[in-house]
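Asker: Here it is, the structure, as structure tokens.
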Amino acid sequence: MRSFEGVPSAVSPGAAVRELPVTIGVAAVLVLFWLFGALVPWAPAQLALVPANTMMVHFHVWNVVTAGLYQSSLPKLVYAVAVVLLLGSRLEPAFGSQEFARFLFVVNLFNGVCTAASFFGIYILWRSMLVLFVHISGADGIVVALLIAAVQQGGAEGTVPGVPSLRLQFLPFAFFGLQTLYWVIWEPAYYDLPFTWFGTLGGWYYLRFVRRGGGGAGGGGRPVAVAGDVSEHFAFANLFPGPLRRVIRPLADFLFGVARLAGFFRGRPSGAPEDEAFLLPSGHPGSAAAAMPQLGAAYVPGLAAPPPVQIEVTAPTRAPLDPVAERRRKRAEEELEKRLAVLAGGDTSSDDDAT
């Protein structure tokens with residue numbers, strides 16, 4: 031198994047900021063927001079996502095972004111900063127700073143918008159004012175998105191550094207499961223859990239369907255002419271253990287099929303290697319066009335081309351008529367002519383009588 035590599039060498043703080051500006055910046059924002067919320071009494075209401083303040087009373091639309099970067103407790107801040115620094119130092123060089131910043135921003139925005147919409151939907155269904163004034167915040171969405179990006183970069187057989195028996199592929203599910211278990215058993219009022227759910231979905235969707243040139247280790251870096259990672263190991267069902275895949279894979283395939291029937295994802299392969307070949311540029315050696323033999327070209331280097339195939343086209347000949355059938359046809363024609371003549375004579379006589 032291959033470990034998740036890419037740890038940068040030990041550098042000075044100034045060099046780290048130059049090499050990892052997005053990673054250091056996100057970690058610094060997490061710390062600054064926590065300090066701001068701890069020292070200023072009214073800050074949590076400005077930083078956290080409060081559905082009533084975001085959409086109904088004050089229209090604090092920035093909450094959909096700041097809520098995913100604000101940790102309300104010190105233990106949660108410590109683990110979030112540690113994960114961001116550990117995984118960001120490996121992912122940012124692979125993504126590039128600009129693409130890495132876009133990935134984190136899109137996932138964080140997706141978390142905020144979907145969480146606000148879901149709580150507003152709960153209010154519409156249950157008419158409970160409580161859900162409109164809860165404070166929702168936390169970096170769990172960014173953390174699980176980084177775990178999913180690590181799965182993509184590590185490949186199907188990637189392992190956690192220092193723990194070769196632990197596969198990267200199951201880290202997002204483990205984090206997702208622990209957060210859900212914590213919500214069910216210990217803290218039913220843990221309103222940050224939707225960030226984990228939407229972070230899982232948003233991070234996977236961005237890497238699977240949106241990111242350009244993001245084949246990852248599983249995709250082999252092939253320049254397919256579609257966005258995202260089309261490799262089999264990065265399918266949504268493969269983020270879960272084997273028993274759950276039997277349930278999730280048919281559901282995921284059904285939803286994907288419905289989306290394609292609705293007009294989405296028309297240019298994406300179904301997952302087979304031969305489908306991916308037709309999505310490569312025509313000049314690429316692995317494309318379907320390059321694999322097709324050219325007419326008149328030599329099939330084996332150094333040997334002459336095979337002679338052209340001679341195709342003889344002959345005009346169709348009419349089969350001989352059956353004598354019995356021919357006599358019957360003539361008899362039927364004569365009988366028909368007699369009947370027509372009788373009818374014609376009858377019409378003439380009727381006209382004379384009328385006159």
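Numbering (the working numbering) for the sequence shown: 31 to 385. The beta carbon of each residue, even a glycine, is placed where N, CA and C say it ideally should be. Model, not experiment: these values are computed from the prediction.
#1: Going by CA-CA distance only, name the one from V56, V372, G207, V288 that's closest to S127.
#2: What span of residues does the alpha helix (DSSP H) with P123 cover, start to end?
#3: Please list, in chain order, all residues of the same chain as H165 whose beta carbon is under 8 angstroms from its beta carbon, the five residues on each side excluded.
#4: Distance check for F205 and L223, CA to CA, integer angstroms please.
#5: Just to confirm the assignment, what range does the alpha helix (DSSP H) spanning L77 have?
#6: Can you grab the Cα-Cα spacing for the pair E122 / G287, in whole Å?
#7: To the nearest angstrom, report how far apart A124 and S158 are at their CA atoms.
#8: Just verifying my parser: in three-state terms, what is the DSSP assignment at R386?
#9: Can you have a look at A374 and say buried or exposed, based on whether 16 or more other CB atoms are within 10 angstroms of its CB?
#10: From G233, I152, I154, pick the residue whose C-alpha is nearest to that of R132; which is it?
#11: Work out the CA separation of L211 and T230 for me, nearest whole Å.
#12: Could you round the C-beta distance between V94 and G142 to whole angstroms and report it? I think they count as a contact, below 8 angstroms.
#13: Would you list the one or two residues that DSSP bridges to I166?
#14: Should A169 go down as buried or exposed, given a rule of 16 or more other Cβ atoms within 10 Å for buried?
#15: Excluding the 5 residues flanking Y153 on each side, which residues of the same chain have their C-beta closer than 6 angstroms to its C-beta?
#16: In the DSSP assignment, find the alpha helix (DSSP H) that holds T226 and state where it starts and stops.
#17: With a Cβ-Cβ cutoff of 8 angstroms, do A282 and F266 count as a contact?
Answerer: Put simply:
#1: V56
#2: 104–125
#3: P74, A75, A78, L79, V80, S102, Y221
#4: 11 angstroms
#5: 73–77
#6: 33 angstroms
#7: 45 angstroms
#8: Summary: the structure shown does not reach residue 386, with the chain confined to residues 31 through 385, and so no result is reported for it.
#9: exposed
#10: G233
#11: 16 angstroms
#12: 3 angstroms
#13: L79
#14: buried
#15: V161, L162
#16: 223–235
#17: yes
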